[in-house]
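If you read the sequence shown in UniProt numbering, its first letter stands for residue 1, the second for the next number, and so on.
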Amino acid sequence: MQRVGLYPGTFDPITAGHLDIIGRGLKLVDKLIVGVAVNDAKKPLFSLDERTAIVEEETAKLHNPRNVEIEVRSFDNLLMHFAETCGAHVIIRGLRAVSDFEYEFQMTAMNEQLNREIETVFLMADVQHQAVASRLVKEIAKFGGDISSFVTPSVRAKLLEKYK
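As structure tokens, this is what we get:
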């Protein structure tokens, strides 16, 4: 049986922290679906199509020694419903700080009520990525700060183009 994992997020934009979690998630599954969420409440800078394309581009560059299949899909429904349609056995989530844990703890408890067959696995962010958040990366880029340690050169160029 193929172990399918789902790593959901808004990815506006995808950061080095996201890529770290994806790379580490590849060690846990046979197939990883990166779910790019519609989340109008976050007022994304990049459109859903742009975010999906950027995630596809960035995940294609990842070190993937086991050749785990990576699929990037957008979704605009309940996470657990999306996980079920993907055939996911596990949802992968990254944790940076205690505030992440509180939110994720509550979300996991609710998701478990919806489907007890899908487990949630938390991966701690690497120390160098613990403060990295897409929201902060966008703010730094908007005001001309250096974001090169937070995103790939390609994502940096796309962000700077948005703020021209």
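Even for Gly, the Cβ is constructed at its ideal location relative to N, Cα and C.
Item, Value
"How would you call Thr15, buried or exposed, if buried means at least 16 neighbouring beta carbons within 10 angstroms?", "buried"
"For Pro8 versus Phe46, is the C-beta distance shorter than 8 Å?", "no"
"Opposite Glu69 in the DSSP bridges: which residues?", "Lys31"
"For Leu78, report the span of its beta strand (DSSP E) as first-last.", "Segment: none, Leu78 is in no beta strand (DSSP E) and carries neither H nor E."
"With distance defined between alpha-carbon atoms, name the residue in Arg73, Val155 and Gln2 nearest to Thr52.", "Arg73"
"Within 10 angstroms of its Cβ, does His129 collect 16 or more other Cβ (buried), or is it exposed?", "buried"
"Candidates Leu32, Cys86 and Leu26: which alpha carbon is nearest Ile63's?", "According to the sequence displayed, residue 63 carries His and not Ile. With distances taken between Cα atoms, His63 lies closest to Leu26."
"Do the region 78-93 and the region 102-111 make contact, defined as three or more Cβ pairs closer than 8 Å?", "yes"
"Output the boundary residues of the beta strand (DSSP E) element that contains Phe7.", "Note that residue 7 corresponds to Tyr in the displayed sequence, not to Phe. From DSSP, the beta strand (DSSP E) with Tyr7 extends over Val4 to Gly9."
"Out of His18, Lys158 and Arg3, which one is the CA nearest neighbour of Ala141?", "Lys158"
"Can you say whether residue 166 is buried or exposed, counting buried as having 16 or more other CB atoms within 10 angstroms of its CB?", "Residue numbering for the chain in the displayed model covers 1 to 164; residue 166 lies beyond these limits and cannot be assessed."
"Taking Leu19 as the reference, give the member of Leu48, Val90 and Ala133 with the closest Cα.", "Ala133"
"Within a Cβ cutoff of 8 Å, which residues of the same chain sit near Glu69, ignoring the five residues on either side of it in sequence?", "Asp30, Lys31 and Leu32"
"Per the DSSP calculation, Glu161 is bridged to which residue(s)?", "Looking at the DSSP assignment, Glu161 forms no beta bridge with any residue, so it has no partner."
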